[in-house]
Amino acid sequence: MYEAIFVGTFVPLLFLAFVLKGENRLLILFFIWGLVAFVLSLRINNALIASFPLGMEKLSINMAPIVEEFAKALPLYFFIGLSKEKKFPLVSFGVAVGIGFSILENYIYLFQHFNDSGSPVSFILTRCFTTCLIHATTTGIIGAGIVLVKRIKGIVWPIHFGLFAVAVTIHSLYNLYVFSSYNQIGLYMPVVLFIIGVALYKKLSNKKDEEI
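Take a look at the structure:
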């Protein structure tokens, strides 16, 4: 089922990317990559479950955050090697990847829970304000990290690895709260982090000499 959903979303968005230009095209291409990253992550996570004695809960907390954050961030790493004179809104690109990833993930979960009691609209809205925002925030953090390391000489990879670890930790903590008796924290955590991230992004974006 998810293959059909992927193709039905991926191909029309490619048509749109063909029409767009410049950063708008890059933004939609990063969104498209989010769809691809979800498919890659799903296959890797399924292979991990098949190969190791991992339940869904352990996978979601221990391994899936590493797999998913790495898959989402892959195209962002390309910008590390570009000249500092070339500036791109990598935070926006990272958020676009996270949103693309979460949209396809939402479709899959919606079909899995479609026959459950309760409104599917309420279910999907909850995911929009939780999982979607977590994926957007964590990949946005990685994008911000790449902007940061491009400005600092000599310690590129330690800083980037540290921020990648922060993204993975946030993702893992969110999944941990969701599976625990503290799941209310998991409901509010994504919104709070996203609001803080947007506020910092807007503040830095107001500086004319910076592009984040």
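For the record, in the sequence shown the residue sitting at position 185 is 1579 according to our numbering, with numbers rising by one throughout.
No residue lacks a Cβ here, since even glycine has one placed at the ideal position from N, Cα and C.
May I ask you to report which of helix, strand or coil DSSP gives F1482?
Correct three-state label for F1482: coil.
Ordered along the chain, which non-local residues of its own chain (more than five positions away) have a Cβ less than 7 angstroms from that of L1410?
Same-chain partners within the cutoff: I1422.
Judging by CA-CA distance, which residue of G1591, S1454 and G1428 is the nearest neighbour of N1440?
Out of G1591, S1454 and G1428, S1454 has the C-alpha closest to the C-alpha of N1440.
If you measure between the beta carbons of F1473 and I1540, is that distance less than 8 angstroms?
Yes.
Just to confirm, is the Cβ distance from M1583 to F1505 under 8 angstroms?
No, they are not a contact pair.
Going by DSSP in three states, K1597 sits in which element: helix, strand or coil?
Note: K1597 maps to helix in three-state DSSP.
Classify S1513 as buried or exposed, calling it buried when 16 or more other Cβ atoms lie within 10 Å of its own Cβ.
With fewer than 16 Cβ atoms within 10 Å of its Cβ, S1513 is classed as exposed.
Closer than 7 angstroms by C-beta to L1414: which residues in its own chain qualify, once you throw out the five before and the five after it? Chain order, please.
So the qualifying residues of the chain are I1422.
Assuming contact is defined by CB atoms lying nearer than 8 angstroms, are T1403 and L1429 in contact in what I supplied?
Yes, they are a contact pair.
Terminal residues of the continuous alpha helix (DSSP H) containing I1535?
Per DSSP, I1535 belongs to the alpha helix (DSSP H) from T1525 to R1545.
Which two residues bound the contiguous alpha helix (DSSP H) that contains N1456?
That residue, N1456, is in no alpha helix (DSSP H); it is neither H nor E in DSSP.
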